[in-house]
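Q: For the record, the sequence lines run as chains A and B. Following this note's numbering, the numbering of the first sequence begins with 4 at its first residue and continues without gaps. Following this note's numbering, the numbering of the second sequence begins with 3 at its first residue and continues without gaps.
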Amino acid sequence: MPKYKIADVVFYAETRYGYNEEICKDYLYEGEEEPAFFVSITNEDILYEKAECEKQEDLPLFTDAYLESVSLFRKFSEYLFKKANGIVFHCSAIAMDEKGYLFTGRSGAGKSTHARLWRECFGNRVVTINDDKPVIRKIDGKYYVYGTPWTGKHKLGANVKAEVKGVVEIIKDKNNKLEKMSTVEALSNVLNQTLRPNTEDGINDLIDYAEDFIKKTGFYKLKCNISLDAVKTVYEGIE
Amino acid sequence: MQIKNGAVLREIAGNYIVVSVGETGGMVSLTESGAVLFRLLVKGAKREDLIEALLNEYEVEREIAVADVDGFIEKLKEAKLLK
Chain A
4 MPKYKIADVV
14 FYAETRYGYN
24 EEICKDYLYE
34 GEEEPAFFVS
44 ITNEDILYEK
54 AECEKQEDLP
64 LFTDAYLESV
74 SLFRKFSEYL
84 FKKANGIVFH
94 CSAIAMDEKG
104 YLFTGRSGAG
114 KSTHARLWRE
124 CFGNRVVTIN
134 DDKPVIRKID
144 GKYYVYGTPW
154 TGKHKLGANV
164 KAEVKGVVEI
174 IKDKNNKLEK
184 MSTVEALSNV
194 LNQTLRPNTE
204 DGINDLIDYA
214 EDFIKKTGFY
224 KLKCNISLDA
234 VKTVYEGIE
Chain B
3 MQIKNGAVLR
13 EIAGNYIVVS
23 VGETGGMVSL
33 TESGAVLFRL
43 LVKGAKREDL
53 IEALLNEYEV
63 EREIAVADVD
73 GFIEKLKEAK
83 LLK
């Protein structure tokens, strides 16, 4: 059975479709570290994901192979939050000079586009960590962003990590302007980008986690157009 | 009128917010008096109890208390926090 190491968490995963193994291949692990858990995706798990997708409008029909990968993502995320001080964080994450910048925003706001502008602006000083579902982990009091196999529609990402420097919500506008978020805005941002636990205790733990993450990380709103000036506004605005 | 199971009220940086379990639904900000009303609703209070509570707690006219309570209930409805 394949062993993976994602966000420095080692685990066994039993899956049936080649799709999972394909997307996880950069995360295969053959080292000595003992796996922290074992996950096996069943038919029920796939049906569960199918039902979840049907609750949302405008989603295409997904193959079982794809739904299996969503299930693995969910199970990994649950472990991460309960046992490894981590959350998944829906955003486009890059590392610039080894510091992590996380671009969030509504669907269609231009997260991936903004990340692409950073690559255009700074060339190989920028590494794309993950364009859709990176992971945040708190280790020794610091927050790190990690690449994962779940890279979104542009399939951009790498098995790398970086200390988080800032979280920036992208808002389409004519001009470029960077502002700090209030704590409540930042909290709403975190809660909207991660999987919500389904118990009250889980929600309380998530809010505790988010509060600490927000205290130690700069959260900003960027009104921006699609230009290198937008990149400069963020780069110069985040101390 | 009851609060949905799994709605959590928290005070964050001097603000009151309500977050519900599960993957959908956003986060609602409440004022301090909103938080008082929320706690009462959790304990099973009715609309009239909420109005009385505002009248006792704050020196406001009945009309204003009624408008505040109805606004509060509307806000919870919009956020799908009532069952």
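By construction, the Cβ of each residue, glycine as well, lies at the ideal position given by its N, Cα and C atoms.
Taking Cβ positions, are A:Ala165 and A:Glu123 nearer each other than 8 Å?
A: Position 162 of the first sequence, counted from the start, is the residue given in the question as residue 165 of chain A. Position 120 of the first sequence, counted from the start, is the residue given in the question as residue 123 of chain A. Their beta carbons are not under 8 Å apart, which means A:Ala165 does not touch A:Glu123 by this criterion.
Q: Less than 6 Å between C-beta atoms, sequence neighbours within five positions excluded: which residues of the same chain meet that for A:Val138?
A: Against the first sequence, residue 138 of chain A aligns to sequence position 135. If we look at A:Val138 and ignore the five residues flanking it on each side, its Cβ neighbours are Ala10, Gly89, Val91, Tyr149 and Thr151.
Q: If you pair each beta-carbon of the segment 179-188 of chain A with each one of the segment 9-26 of chain B, do three or more pairs fall below 8 Å?
A: yes
Q: On the criterion of 16 or more Cβ atoms from any shown chain inside 10 Å, does A:Gln196 qualify as buried, or is it exposed?
A: Walking along the first sequence from the start, residue 196 of chain A turns up at place 193. Its Cβ being crowded by 16 or more others within 10 Å, A:Gln196 is buried.
Q: What does DSSP give as the partner residues of A:Lys224 in its beta bridges?
A: Numbered from 1 along the first sequence, position 221 holds the residue referred to as residue 224 of chain A. Paired residues: A:Glu172 and A:Glu182.
Q: Just curious, the alpha helix (DSSP H) that A:Thr236 is in, first and last residue?
A: The sequence position of residue 236 of chain A within the first sequence is 233, counting from 1. Unbroken alpha helix (DSSP H) run through A:Thr236: Leu231 to Gly240.
Q: Within the 8 Å Cβ cut-off, does B:Arg12 reach chain A?
A: The sequence position of residue 12 of chain B within the second sequence is 10, counting from 1. For B:Arg12, a Cβ of chain A is located within less than 8 Å of the residue's own Cβ.
Q: Hey, is the segment 170-181 of chain A in contact with the segment 122-136 of chain A, meaning 3+ C-beta pairs nearer than 8 Å?
A: As far as the Cβ criterion goes, the segment 170-181 of chain A does not touch the segment 122-136 of chain A, which means the pair count is below three.
Q: Which one of A:Ala16, A:Ser191, A:Ile26 and A:Leu194 has the shortest CA to CA distance from A:Gly155?
A: Against the first sequence, residue 155 of chain A aligns to sequence position 152. Here the closest residue by C-alpha is A:Ile26.
Q: How far does the alpha helix (DSSP H) with A:Arg199 in it reach, from first residue to last?
A: To locate residue 199 of chain A, count along the first sequence from 1; it is residue 196. Segment: none, A:Arg199 is in no alpha helix (DSSP H) and carries neither H nor E.
Q: Select from the segment 13-44 of chain B all residues with a C-beta closer than 9 Å to any C-beta belonging to chain A, and list them in chain order.
A: Ile14, Ala15, Gly16, Asn17, Ile19, Val21, Ser22, Val23, Gly24, Glu25, Thr26, Gly27, Gly28, Met29 and Ser31
Q: What residues match up with B:Leu84 in a beta bridge as DSSP calls it?
A: Residue 84 of chain B sits at position 82 when you count from the first residue of the second sequence. B:Leu84 is bridged to B:Ile5.
Q: Using the Cα positions of A:Gly160 and A:Asn46, report the straight-line distance between them to the nearest angstrom.
A: As a first step, residue 160 of chain A must be located in the first sequence, where it is residue number 157. As a first step, residue 46 of chain A must be located in the first sequence, where it is residue number 43. Taking the straight line joining both Cα atoms gives about 29 Å.
Q: Out of A:Lys6, A:Gly240, A:Thr66 and A:Tyr69, which has the shortest C-alpha to C-alpha gap to A:Lys168?
A: Walking along the first sequence from the start, residue 168 of chain A turns up at place 165. When only C-alpha atoms are compared, the closest one is A:Gly240.
Q: Can you list the residues of chain B that A:Leu190 reaches, using a CB-CB cut of under 8 Å?
A: In the first sequence, residue 190 of chain A corresponds to position 187, counting from 1. The contacting residues are Ile14, Ile19 and Met29.
Q: Using beta-carbon positions only, say whether B:Leu39 and B:Val71 come within less than 8 Å of one another.
A: For this step, residue 39 of chain B is matched to residue 37 along the second sequence. For this step, residue 71 of chain B is matched to residue 69 along the second sequence. Cβ distance < 8 Å, so B:Leu39 and B:Val71 count as in contact.
Q: For A:Arg258, count the other beta carbons within 10 Å of its own beta carbon; 16 or more makes it buried, fewer makes it exposed. Which is it?
A: Residue numbering for chain A in the displayed model covers 4 to 242; residue 258 of chain A lies beyond these limits and cannot be assessed.
Q: Can you pull the chain B neighbours of A:Leu194, defined as C-beta to C-beta under 7 Å?
A: Along the first sequence, one-based indexing puts residue 194 of chain A at 191. In chain order: Val21 and Met29.
Q: Helix or strand or just coil, what does DSSP make of A:Ile44?
A: Here residue 44 of chain A corresponds to residue number 41 of the first sequence, with the count starting at 1. Coil.
Q: Confirm, please, whether the CB-CB distance from B:Ser31 to B:Ile19 is below 8 Å.
A: Position 17 of the second sequence, counted from the start, is the residue given in the question as residue 19 of chain B. Position 29 of the second sequence, counted from the start, is the residue given in the question as residue 31 of chain B. Yes, they are a contact pair.
Q: Does the distance from the C-beta atom of A:Leu288 to that of A:Lys58 stay below 8 Å?
A: Because residue 288 of chain A is not part of the residues shown, which for chain A are 4 to 242, the question remains open.
Q: Rounded to whole angstroms, what's the CA-CA distance from A:Thr220 to A:Cys94? Just pull it up for me.
A: As a position in the first sequence, residue 220 of chain A is number 217, starting the count at 1. As a position in the first sequence, residue 94 of chain A is number 91, starting the count at 1. Using only the alpha carbons, I get a separation of about 15 Å.
Q: Establish whether the CB of B:Gly46 and some CB of chain A are separated by less than 8 Å.
A: The residue given as residue 46 of chain B occupies position 44 in the second sequence. No, B:Gly46 does not count as interfacial toward chain A.
Q: In the DSSP output, which residue or residues are listed as bridge partners for A:Leu105?
A: Against the first sequence, residue 105 of chain A aligns to sequence position 102. Answer is A:Ala96 and A:Val170, bridged to A:Leu105.
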